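One structure is given here, and the rest of the page talks about it.
4 protein chains.
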Amino acid sequence: YKSQHYKAHSVVLNGTSSQSKLQNGGAERPGRFTFSSEPNVEDIRRMQAQFTDERDWNQFHQPRNLLLAMVGEVGEVAELFQWRGDVAEGLPGWTESEREHLAHELSDVLIYLVELAEKCHVDLPQAVLRKMALNRLKYPASKVHGSAKKYTEYKD
Amino acid sequence: YKSQHYKAHSVVLNGTSSQSKLQNGGAERPGRFTFSSEPNVEDIRRMQAQFTDERDWNQFHQPRNLLLAMVGEVGEVAELFQWRGDVAEGLPGWTESEREHLAHELSDVLIYLVELAEKCHVDLPQAVLRKMALNRLKYPASKVHGSAKKYTEYKD
Amino acid sequence: YKSQHYKAHSVVLNGTSSQSKLQNGGAERPGRFTFSSEPNVEDIRRMQAQFTDERDWNQFHQPRNLLLAMVGEVGEVAELFQWRGDVAEGLPGWTESEREHLAHELSDVLIYLVELAEKCHVDLPQAVLRKMALNRLKYPASKVHGSAKKYTEYKD
Amino acid sequence: YKSQHYKAHSVVLNGTSSQSKLQNGGAERPGRFTFSSEPNVEDIRRMQAQFTDERDWNQFHQPRNLLLAMVGEVGEVAELFQWRGDVAEGLPGWTESEREHLAHELSDVLIYLVELAEKCHVDLPQAVLRKMALNRLKYPASKVHGSAKKYTEYKD
Numbered sequence: 001y002k003s004q005h006y007k008a009h010s011v012v013l014n015g016t017s018s019q020s021k022l023q024n025g026g027a028e029r030p031g032r033f034t035f036s037s038e039p040n041v042e043d044i045r046r047m048q049a050q051f052t053d054e055r056d057w058n059q060f061h062q063p064r065n066l067l068l069a070m071v072g073e074v075g076e077v078a079e080l081f082q083w084r085g086d087v088a089e090g091l092p093g094w095t096e097s098e099r100e101h102l103a104h105e106l107s108d109v110l111i112y113l114v115e116l117a118e119k120c121h122v123d124l125p126q127a128v129l130r131k132m133a134l135n136r137l138k139y140p141a142s143k144v145h146g147s148a149k150k151y152t153e154y155k156d
Numbered sequence: 001y002k003s004q005h006y007k008a009h010s011v012v013l014n015g016t017s018s019q020s021k022l023q024n025g026g027a028e029r030p031g032r033f034t035f036s037s038e039p040n041v042e043d044i045r046r047m048q049a050q051f052t053d054e055r056d057w058n059q060f061h062q063p064r065n066l067l068l069a070m071v072g073e074v075g076e077v078a079e080l081f082q083w084r085g086d087v088a089e090g091l092p093g094w095t096e097s098e099r100e101h102l103a104h105e106l107s108d109v110l111i112y113l114v115e116l117a118e119k120c121h122v123d124l125p126q127a128v129l130r131k132m133a134l135n136r137l138k139y140p141a142s143k144v145h146g147s148a149k150k151y152t153e154y155k156d
Numbered sequence: 001y002k003s004q005h006y007k008a009h010s011v012v013l014n015g016t017s018s019q020s021k022l023q024n025g026g027a028e029r030p031g032r033f034t035f036s037s038e039p040n041v042e043d044i045r046r047m048q049a050q051f052t053d054e055r056d057w058n059q060f061h062q063p064r065n066l067l068l069a070m071v072g073e074v075g076e077v078a079e080l081f082q083w084r085g086d087v088a089e090g091l092p093g094w095t096e097s098e099r100e101h102l103a104h105e106l107s108d109v110l111i112y113l114v115e116l117a118e119k120c121h122v123d124l125p126q127a128v129l130r131k132m133a134l135n136r137l138k139y140p141a142s143k144v145h146g147s148a149k150k151y152t153e154y155k156d
Numbered sequence: 001y002k003s004q005h006y007k008a009h010s011v012v013l014n015g016t017s018s019q020s021k022l023q024n025g026g027a028e029r030p031g032r033f034t035f036s037s038e039p040n041v042e043d044i045r046r047m048q049a050q051f052t053d054e055r056d057w058n059q060f061h062q063p064r065n066l067l068l069a070m071v072g073e074v075g076e077v078a079e080l081f082q083w084r085g086d087v088a089e090g091l092p093g094w095t096e097s098e099r100e101h102l103a104h105e106l107s108d109v110l111i112y113l114v115e116l117a118e119k120c121h122v123d124l125p126q127a128v129l130r131k132m133a134l135n136r137l138k139y140p141a142s143k144v145h146g147s148a149k150k151y152t153e154y155k156d
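Residue numbers (UniProt numbering), protein chains in the order written: chain A, 1 to 156; chain B, 1 to 156; chain C, 1 to 156; chain D, 1 to 156.
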């Protein structure tokens, strides 16, 4: 089972590791935060499916149950941001513990989103490609580049 | 730029293609729905980052703005399920158009989740691995296997 | 301060008290669950405003902060329903403790909704009247009465 | 039926009308935004119950359906705030049309919240009183008055 081969990095919250830079081949602007290339979305689906199977929990994991679970996790993310006013990129001033908490809650959203898509038989990685292609058609860079006004107008 | 090499499959909503079976090497139970292996989460991050850069939209994509955008997309998923009562795996009785609509809204949730994690400098794929490891410790299969009662007790 | 005059009923979760029937003058179908007439929405606004003032918390209660707090509370409601499958009116099978928990979470949603409307200068009770009038125009009873099909067509 | 007696004010979004001041008897600080005293929460419940009855829609309005509908409406509120950065009290710079849109979406959240509480047999106005009493015990004004640090520590 593939998940055995993964090792969680010692530092999850890390945008500047040499490993990340190598993985991304320098195509990004210097210092831009990047993700690890593994696990991919299908890996996450498979690991979560095994987790659910082992516990005999598929009986509870109907689509609407998973949707409500995802709503619950989004609520937990919101609670981490609710009293802070505007928050800048990279979360300056957040403690390591707060960052770790956020990493857990964002992960929970992704885990339930992936399982919801699975139960709905939506091939999520491919669906994202299609949606991104639609977004490119809907908001052509040449037309929407720039001002907030244009942004608001285009984002219906 | 890697995204040019992806081609959206002609059928996004598809759990039984021979390609999927081959990709997963028969390790799953027969006919189980699987995702495509690409794009991975980092690919999605990079494509969305390029999309945002091209439009000069980073000025609008602070963490809390992206969080509210994700809440909006979760709301759109909820609207697709709200009047249906219980929904079974595979969405029997949904039209192709309804499935496509759902695929779009689930994709929007993922796109904003990925961009939110990026702006928070959370390495989402690795964070998921860590959270899954914690879930395995929290809900040992031997203890929680089986009844809804046990499930409810162990959850939170 | 008016809130001193309110007394919480000994039983909050109660659809059949003779008091409720009297309050509603028999206009409803027999046994239909009704609310108490107090506190009204303005009372709730005033009590919460005093609560916030006493703690010097207005500095944290900008509209977007309150919106995220409301999202968090909606998430907590979702967590109470997430693993249950379909739930019938009156919540048969729920314990008193679960009902009380739900009453608390629904209250939190209302409290933040009211404070959000206040900070946005939206007269919420009057706004509801106007929205209900619009809904009556949008979904005429004569046209939408009956089938789920018609319901789905007319909704959105 | 009582709802016939209500008239929507010509200006819903209005914090400074002499009428509002009179309704509230001068107990608030001068110019503080207040709500109208009607309709109360029970009025809203009754009007929405009649609306649902007339359309034979109770068959669709199970608790979880109403919860998902409320999630959808919260998502629509989020969409109105998502690209704005921090928003100050009173929504300076918002157009009348944007304010009206917000009033509609906040109303939709309240309408579904009220109907959800009704179907769950939670006496929402009384439940709010009890929750507010608990909040007063949990966050004593003398202890939490003042700094953001104390606020964060005391919240959850």
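C-beta: ideal position from N, C-alpha, C; glycine also. Quantities reported herein were computed from a predicted structural model and do not represent experimental measurements.
- Near chain A, meaning a CB-to-CB distance below 8 Å, the residues of the segment 91-113 of chain B are Leu91, Arg99, Leu102, Ala103, His104, Leu106, Ser107, Asp108, Val109, Leu110, Ile111, Leu113.
- Judged by beta-carbon spacing, Phe35/A lies within the 7 Å limit of Glu42/B, meaning their Cβ atoms are closer than that value.
- Contacts with chain A at 7 Å (Cβ-Cβ) include Glu89/B.
- At least one beta carbon of chain D lies nearer than 7 Å to the beta carbon of Trp83/B.
- With a threshold of 7 Å between beta carbons, Ala78/B makes contact with chain D.
- Below the 8 Å Cβ cutoff, chain C contributes Val71 as neighbours of Val71/B, in chain order.
- Interface flag for Asp123/C against chain B is unset, since no Cβ pair is found closer than 7 Å.
- In the three-state reduction of the DSSP assignment, Pro39/A falls in the coil class.
- Distance from Val77/D to Leu106/D at the Cβ level is roughly 6 Å; contact confirmed, criterion being Cβ atoms closer than 8 Å.
- Per the coordinates, the alpha-carbon of Val128/A lies some 10 Å from the alpha-carbon of Gln48/B.
- Between the beta-carbon of Val122/A and that of Ala103/B there is about 5 Å, and that keeps the pair under the 8 Å contact cut.
- Residues of chain B whose Cβ lies closer than 8 Å to the Cβ of Val74/D are, in chain order, Val71, Gly75.
- Residues of chain A with a Cβ closer than 7 Å to the Cβ of Asp86/D are, in chain order, Gly85, Asp86.
- The residue among Leu91/D, Leu67/D, Glu89/D, Arg32/D with its C-alpha nearest the C-alpha of Arg46/C is Arg32/D.
- Within its own chain, the residues whose Cβ lies closer than 8 Å to the Cβ of Pro125/B, once the five positions on either side in sequence are excluded, are Asn40, Val41, Glu42, listed in chain order.
- According to the DSSP assignment, Leu137/B belongs to the alpha helix (DSSP H) that extends over 124-138.
- Scanning chain D for C-beta atoms nearer than 7 Å to the C-beta of Leu68/B yields Ala78, Phe81, Gln82, reported in chain order.
- For Asn65/A, the enclosing alpha helix (DSSP H) stretches over residues 63-81.
- Excluding sequence positions up to five before and after Lys119/D, its CB lies within less than 8 Å of the CB of His61, Gln62, Pro63, Leu66, all in the same chain and listed in chain order.
- Counting along the chain, His101/A sits inside the alpha helix (DSSP H) bounded by residues 96-119.
- Look at the segment 32-47 of chain A: the residues with a C-beta under 9 Å from a C-beta of chain B are Arg32, Phe33, Thr34, Phe35, Ser36, Ser37, Glu38, Pro39, Asn40, Val41, Glu42, Asp43, Ile44, Arg45, Arg46, Met47.
- Contact check for Val144/A against Arg55/B passes: the beta carbons are separated by less than 7 Å.
- Going by beta carbons, Asp108/B and Glu79/B fall outside the 7 Å limit.
- Around Ala117/B, the same chain offers Leu124 as residues with beta carbons nearer than 7 Å, after the five sequence neighbours per side are excluded.
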